[in-house]
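Participant: I am attaching a structure below and will ask some questions about it afterwards.
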Amino acid sequence: MPLINAITLLLIYQLAGEVSVRLLGLPVPGPVVGMVMLFITLMIRGQMVKAVEPASSALLGHLSLLFVPAGVGLIVHFNRLGNEWLPISVTLLLSTIITMAVTALVMQWVTRLTARQAPNND
Amino acid sequence: MIEPDLNRIWVYLSASPLLGLTMTLVAYSLAHRLYLRSGSNPVLNPVVTSVTALILFLLATDTSYDDYFDGAQFVHFLLGPATVALAIPLYQQFNKLKQVWLPVTVALVTGVVVGAFSSVAIARLLGASLETQLSLAPKSVTAPVGMAISEQIGGLPSLTAALVVVTGIIGAVIGSKLFDLMGIRDDSVKGIAMGMTSHGIGTARAFQVSAQMGAFSGLAMALSAFLYSVFLPWLLSITGVLG
Chain A
1 MPLINAITLL LIYQLAGEVS VRLLGLPVPG PVVGMVMLFI TLMIRGQMVK AVEPASSALL
61 GHLSLLFVPA GVGLIVHFNR LGNEWLPISV TLLLSTIITM AVTALVMQWV TRLTARQAPN
121 ND
Chain B
1 MIEPDLNRIW VYLSASPLLG LTMTLVAYSL AHRLYLRSGS NPVLNPVVTS VTALILFLLA
61 TDTSYDDYFD GAQFVHFLLG PATVALAIPL YQQFNKLKQV WLPVTVALVT GVVVGAFSSV
121 AIARLLGASL ETQLSLAPKS VTAPVGMAIS EQIGGLPSLT AALVVVTGII GAVIGSKLFD
181 LMGIRDDSVK GIAMGMTSHG IGTARAFQVS AQMGAFSGLA MALSAFLYSV FLPWLLSITG
241 VLG
């Protein structure tokens with residue numbers, strides 16, 4: 001039962017997220033609003049984490065499996081990929097490297113900057 | 001007469017969601033086993049091998065993606081609840097996050113801007129169509145959110161989904177090498193950069209390196225999905241990418 005209760009809770013939050021996105025015309029996807037709502041609930045009632053934990057570790061532990069059906073969707077775009085394979089593959093490779101490197105550098109740089117300002121740090 | 005029988009079985013199987021769903025799980029569990037057997041070699045990322053195997057299977061049996069997806073959608077659907085579940089690592093790491101909220105926020109906002117613009121700019125420079133450019137813009141956002149953003153800005157959601165997966169794989173494969181080359185040793189920095197760029201697939205990889213890198217990667221994936229969905233449509237319209 002714990003697993004079923006946990007999945008039910010996650011689905012209720014997703015549903016609430018989807019409904020409020022549509023009601024309020026928010027520019028954010030429903031599951032993201034559901035995530036924010038669950039996060040706020042947990043901040044208020046921390047003990048609820050035990051109720052959702054079983055499903056989350058099952059889902060997040062095998063997160064990569066969930067991407068497989070979407071990945072197989074490449075098959076639908078073989079034509080476009082055939083015509084635009086060069087810009088697509090160069091973009092994916094370069095932009096991924098650039099984004100990852102810049103994010104890491106900025107985080108490292110700001111961390112050092114704030115650590116220097118704080119007392120008791122080297 | 002064996003052949004008509006096999007035929008009938010195939011007609012049944014190809015019309016039922018059972019085959020697509022089972023194939024997805026079988027392909028993934030074999031791919032995962034292969035990955036573990038290889039000593040977790042990032043090139044044998046289970047998403048790469050299972051997606052390749054499934055595409056070859058669909059081509060060999062002349063099965064359409066729609067028929068396959070009738071079954072696979074049950075797995076795909078779980079991306080929604082999985083996105084909601086990201087609130088949990090976020091909550092559990094909240095104390096750690098509070099201490100580093102400034103570097104994390106600055107890094108993620110920069111990452112969103114750089115990620116979106118580098119992909120649109122490089123694709124445009126190399127002559128990709130506008131639809132392709134827009135489908136590439138949310139390539140670092142976890143699939144369900146990335147697809148929703150793509151639809152909103154005029155990309156092709158199913159193309160975005162596939163590009164999201166490839167981006168995740170690239171990041172998971174090159175991440176550790178890149179961080180070594182750059183001399184970055186802090187697991188929280190590595191995790192943030194990994195989750196920002198390569199969402200869930202990168203996070204799965206990060207958890208193998210350390211629990212701390214995994215938690216920060218999950219955090220970056222959740223926060224960047226939120227930032228992308230709020231800022232990307234706006235960023236693209238003020239910079240004139242969206243006419």
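First to last, the sequence lines map onto chains A and B. Mapping of the first sequence onto the numbering used here: residues 1 to 122, in sequence order. Mapping of the second sequence onto the numbering used here: residues 1 to 243, in sequence order. Note that CB positions come from ideal geometry on N, CA and C, so glycine has one too. All of these numbers come straight from a predicted model, not from anything done at the bench.
Would you decide whether residue 192 (chain B) is buried or exposed? Buried here means 16 or more other CB atoms lie within 10 Å of its CB.
Facilitator: Here residue 192 (chain B) corresponds to residue number 192 of the second sequence, with the count starting at 1. Buried is the call here.
Participant: When the Cα atoms are used, what is the spatial distance from residue 171 (chain B) to residue 5 (chain A)?
Facilitator: Within the second sequence, residue 171 (chain B) is the residue found at index 171, counting from 1. Within the first sequence, residue 5 (chain A) is the residue found at index 5, counting from 1. Cα to Cα, residue 171 (chain B) sits roughly 34 angstroms from residue 5 (chain A).
Participant: Please state if the CB of residue 163 (chain B) and the CB of residue 130 (chain B) are separated by a distance shorter than 7 angstroms.
Facilitator: Counting from one through the second sequence, the residue named residue 130 (chain B) turns up at place 130. Counting from one through the second sequence, the residue named residue 163 (chain B) turns up at place 163. Not closer than 7 angstroms, so no.
Participant: Based on Cα-Cα distance, which residue from A:32, A:77, A:112, A:60 lies nearest to residue 217 (chain B)?
Facilitator: Position 217 of the second sequence, counting from 1, holds the residue named residue 217 (chain B). Out of A:32, A:77, A:112, A:60, A:60 has the C-alpha closest to the C-alpha of residue 217 (chain B).
Participant: Would you mind stating whether residue 84 (chain B) and residue 54 (chain A) have Cβ atoms separated by less than 7 angstroms?
Facilitator: Position 84 of the second sequence, counting from 1, holds the residue named residue 84 (chain B). Position 54 of the first sequence, counting from 1, holds the residue named residue 54 (chain A). Their beta carbons are not under 7 angstroms apart, which means residue 84 (chain B) does not touch residue 54 (chain A) by this criterion.
Participant: Span of the alpha helix (DSSP H) holding residue 99 (chain B)?
Facilitator: For this step, residue 99 (chain B) is matched to residue 99 along the second sequence. From DSSP, the alpha helix (DSSP H) with residue 99 (chain B) extends over 94-99.
Participant: Does any residue of chain B bring its CB to less than 7 angstroms from the CB of residue 108 (chain A)?
Facilitator: The residue labelled residue 108 (chain A) in the question sits at position 108 within the first sequence. Closer than 7 angstroms to some Cβ of chain B, the Cβ of residue 108 (chain A) qualifies, so yes.
Participant: What are the boundary residues of the alpha helix (DSSP H) that residue 166 (chain B) is part of?
Facilitator: Numbered from 1 along the second sequence, position 166 holds the residue referred to as residue 166 (chain B). Run containing residue 166 (chain B): 157-182, per the alpha helix (DSSP H) assignment.
Participant: Applying a beta-carbon distance threshold of less than 8 angstroms, which residues of chain B neighbour residue 45 (chain A)?
Facilitator: As a working mapping, residue 45 (chain A) is identified with position 45 in the first sequence. The contacting residues do not exist; residue 45 (chain A) stays about 11 angstroms from chain B at best.
Participant: Under the rule that 16 or more other beta-carbon atoms within 10 Å means buried, what is residue 45 (chain B), buried or exposed?
Facilitator: If you number the second sequence from 1, residue 45 (chain B) lands on position 45. So residue 45 (chain B) counts as buried.
Participant: Closer than 7 angstroms, Cβ to Cβ, to anything on chain B: give me those residues from the segment 88-112 of chain A, in chain order.
Facilitator: 88, 90, 91, 92, 93, 94, 95, 96, 97, 98, 99, 100, 101, 102, 103, 104, 106, 107, 108, 110, 111
Participant: Select from B:240, B:138, B:26, B:184 the residue whose C-alpha is nearest the C-alpha of residue 232 (chain B).
Facilitator: As a first step, residue 232 (chain B) must be located in the second sequence, where it is residue number 232. Minimum Cα distance to residue 232 (chain B) is reached at B:138.
Participant: One question on the structure: do residue 67 (chain A) and residue 47 (chain B) come within less than 7 angstroms of each other, judged by their Cβ atoms?
Facilitator: Sequence index remark: in the first sequence, residue 67 (chain A) carries index 67 (1-based). Sequence index remark: in the second sequence, residue 47 (chain B) carries index 47 (1-based). Going by C-beta atoms, residue 67 (chain A) is nearer than 7 angstroms to residue 47 (chain B).
Participant: Could you check the C-alpha separation between residue 91 (chain B) and residue 213 (chain B) for me, to the nearest Å?
Facilitator: Stepping through the second sequence from its first residue, residue 91 (chain B) is reached at position 91. Stepping through the second sequence from its first residue, residue 213 (chain B) is reached at position 213. Residue 91 (chain B) and residue 213 (chain B) have their alpha carbons spaced roughly 16 angstroms apart.
Participant: Does DSSP put residue 17 (chain B) in a helix, in a strand, or in coil?
Facilitator: For the purposes of this step, residue 17 (chain B) is taken as the residue at position 17 of the second sequence. Helix, per DSSP.
Participant: At a CB-CB cut-off below 8 angstroms, which residues of chain B make contact with residue 28 (chain A)?
Facilitator: Reading the first sequence from its first residue, position 28 is the one you call residue 28 (chain A). Those within 8 angstroms of residue 28 (chain A) in chain B are 226, 229, 230.
Participant: Residues of chain B with CB under 7 angstroms from residue 75 (chain A), in chain order?
Facilitator: Counted from its first residue, the first sequence places residue 75 (chain A) at position 75. Residues of chain B whose Cβ lies closer than 7 angstroms to the Cβ of residue 75 (chain A) are, in chain order, 55, 58, 65.
Participant: Mind the definition here: the segment 7-22 of chain A touches the segment 47-65 of chain B only if three or more C-beta pairs lie below 8 angstroms; say whether that holds.
Facilitator: no
Participant: Tell me whether residue 203 (chain B) sits in a helix, a strand or coil according to DSSP, three-state version.
Facilitator: For the purposes of this step, residue 203 (chain B) is taken as residue 203 along the second sequence, with counting starting at 1. In the structure shown, residue 203 (chain B) sits in a helix (DSSP, three-state: H, G or I).
Participant: For residue 82 (chain A) and residue 35 (chain B), I'd like the C-alpha separation in whole angstroms.
Facilitator: Position 82 of the first sequence holds residue 82 (chain A). Position 35 of the second sequence holds residue 35 (chain B). Taking the straight line joining both Cα atoms gives about 29 angstroms.
Participant: Using three-state DSSP, classify residue 62 (chain A) as helix, strand or coil.
Facilitator: Residue numbering aside, residue 62 (chain A) sits at position 62 when the first sequence is read from its first letter. In the structure shown, the three-state DSSP call for residue 62 (chain A) is coil.
Participant: So, does the CB of residue 34 (chain B) fall closer than 7 angstroms to a CB anywhere in chain A?
Facilitator: Sequence index remark: in the second sequence, residue 34 (chain B) carries index 34 (1-based). Output row for residue 34 (chain B): interface = no.
Participant: Taking only beta-carbon positions, decide if residue 33 (chain A) is within less than 7 angstroms of chain B.
Facilitator: Stepping through the first sequence from its first residue, residue 33 (chain A) is reached at position 33. The Cβ of residue 33 (chain A) sits no closer than 7 angstroms to any Cβ of chain B.
Participant: Under 7 angstroms between C-beta atoms, does residue 20 (chain A) make it to chain B?
Facilitator: On the first sequence, residue 20 (chain A) is found 20 positions in, with the first residue counted as 1. No, residue 20 (chain A) does not count as interfacial toward chain B.
Participant: Got a sec: is the Cβ-Cβ distance from residue 58 (chain A) to anything in chain B below 7 angstroms?
Facilitator: The count along the first sequence starts at 1 and reaches residue 58 (chain A) at position 58. No, residue 58 (chain A) lies away from the interface with chain B (no Cβ there is under 7 angstroms from its Cβ).
Participant: Consider the Cβ of residue 166 (chain B): report whether some Cβ of chain A lies at a distance smaller than 7 angstroms.
Facilitator: Taking the second sequence and counting its residues from 1, one reaches residue 166 (chain B) at position 166. Output row for residue 166 (chain B): interface = yes.
Participant: Near residue 152 (chain B), which residues of its chain fall below 8 angstroms by C-beta distance, leaving aside the five closest residues on each side in sequence?
Facilitator: Walking along the second sequence from the start, residue 152 (chain B) turns up at place 152. 233.
Participant: Name, please, each residue of chain B whose Cβ falls closer than 9 angstroms to the Cβ of residue 51 (chain A).
Facilitator: To locate residue 51 (chain A), count along the first sequence from 1; it is residue 51. Per Cβ cutoff of 9 angstroms: no residues; residue 51 (chain A) is ~10 angstroms from chain B at best.
Participant: Does chain A have any CB closer than 7 angstroms to the CB of residue 206 (chain B)?
Facilitator: For this step, residue 206 (chain B) is matched to residue 206 along the second sequence. So, not an interface residue.
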